[in-house]
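In our numbering, the protein residues as written are 32 to 296. Every residue, glycine too, gets a C-beta built ideally from N, C-alpha and C.
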């Protein structure tokens, strides 16, 4: 199941893994793709082909039952002849919650919920950001912060490369890959000139990149900053900016979002 999720590029859809087991072996494995492309169940069904008939499917999230950018997964599962479906968690989306399960049962497919808590908790963690947004309407925010053991974020000269370790930096790139946006303040841009991209261990950009957002009250971002000139998506949130600089930035594809300054800043 982990392999299925890793094969997927779901964002902003929830990451889902699906596996089809027939005759005691995995015959189909899939992860949800980008919006408009196949969900995990469809990827697995296509891979399994005729071996889906009478087989069992394991999914980390209840299959969808309604039309969106793609047809309902439950219809494809029913048509493929899956005999039994094992589901880790019910979809928290009020528009889907339990509907897929009911439709599958009505079609004569046995539906079982996973009983191993370790796997259920892992499945829940996979869709943590999706569940937060779909239930509350608020974004899921992860704070990335590096400091030394004595609580410092830089040396007395202002140098901070590297306080974090190799393992944590790899984790940061994984976080960027599954995030919709990365937000930093202008001081970070001025001090580090970061790219804020999701990269491989060989420093190659991955195929999916987050929006880079810079909080820059007075429009101080340098015209030659990396995240201005690398062709990626960047948004500058500011209260004011020199009109000529704004025009130059916008000509480079940078989004300028003017936000009125409040008394408190």
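Cβ neighbour criterion (16 or more within 10 Å) applied to residue 35
Its pLDDT being 48, under 50, residue 35 is placed unreliably in this model, and the value from its coordinates should be taken loosely. With 16 or more Cβ atoms within 10 Å of its Cβ, residue 35 is classed as buried.
Evaluate residue 124 with the Cβ neighbour count: other Cβ atoms within 10 Å of its Cβ, from every protein chain shown; 16 or more gives buried, anything less gives exposed.
buried
Consider the Cβ of residue 124: report whether some Cβ of chain C lies at a distance smaller than 8 Å.
In the structure shown, chain C cannot be found, because there is only a single protein chain.
Go ahead and label residue 166 buried or exposed: buried means 16 or more other beta carbons lie within 10 angstroms of its beta carbon, across all protein chains shown.
exposed
Considering only their Cβ atoms, is the gap separating residue 90 from residue 47 smaller than 8 Å?
yes
Chain-order list of residues whose beta-carbon lies under 7 Å from that of residue 171 (same chain, five-residue window excluded)
159, 160, 163 and 164
Report the rounded CA-to-CA distance for residue 112 versus residue 83, giving the unit in angstroms.
6 Å
Report yes if the CB atom of residue 149 is closer than 8 Å to the CB atom of residue 121, and no otherwise.
no
I'd like to confirm the pairing. Which residues does DSSP put opposite residue 135 in its beta bridges?
DSSP, once it has assigned bridges, lists no residue as partnering residue 135.
Nearest by alpha-carbon distance to residue 184: which of 222, 156, 214 and 263 is it?
222
Just list the residues that DSSP pairs residue 89 with in beta bridges.
50 and 117
Return the CA-CA distance between residue 174 and residue 284, expressed in angstroms with no decimal places.
27 Å
Run through the region 201-276 for me and flag every whole alpha helix (DSSP H) of 4 or more residues, listed as ranges in chain order.
217-223 and 257-260
What did DSSP end up calling residue 80 once you bin it into helix, strand or coil?
helix
Mark residue 272 as exposed unless 16 or more other C-beta atoms lie within 10 angstroms of its C-beta, in which case mark it buried.
buried
Under the three-state DSSP convention, the category residue 192 falls into
coil
Could you give the first and the last residue of the continuous beta strand (DSSP E) run that contains residue 141?
141-144
Cα separation between residue 78 and residue 56?
13 Å
Host alpha helix (DSSP H) of residue 157 (start-end)
148-157
What three-state label does DSSP hand residue 35 in the structure shown?
Bear in mind that the predicted position of residue 35 carries a pLDDT of just 48, short of 50, making it unreliable; the figure below should be weighed with that in mind. The answer is helix: DSSP assigns residue 35 an H, G or I state.
Within 8 Å, do at least three Cβ pairs link the region 237-245 to the region 273-280?
no
In angstroms with no decimal places, state the Cα-to-Cα distance between residue 139 and residue 262.
51 Å
With 16 as the cutoff for other CB atoms within 10 Å, does residue 88 come out buried or exposed?
buried
Looking only at its chain, what residues have a beta carbon closer than 8 Å to the beta carbon of residue 257, apart from the 5 residues adjacent to it on each side?
224, 225 and 226
What residue range is occupied by the uninterrupted beta strand (DSSP E) comprising residue 105?
No beta strand (DSSP E) contains residue 105, which is instead part of the alpha helix (DSSP H) from 104-111.
Keeping to the same chain, check which residues put their C-beta closer than 8 Å to that of residue 201; ignore five residues upstream and five downstream.
232
Can you give the beta carbon distance from residue 270 to residue 291, rounded, assuming they're within the 8 Å contact cut?
7 Å
Report, in whole angstroms, the separation of the C-beta atoms of residue 168 and residue 43, which I expect to be a contact under 8 Å.
Actually they do not touch by this definition, with Cβ atoms about 14 Å apart.
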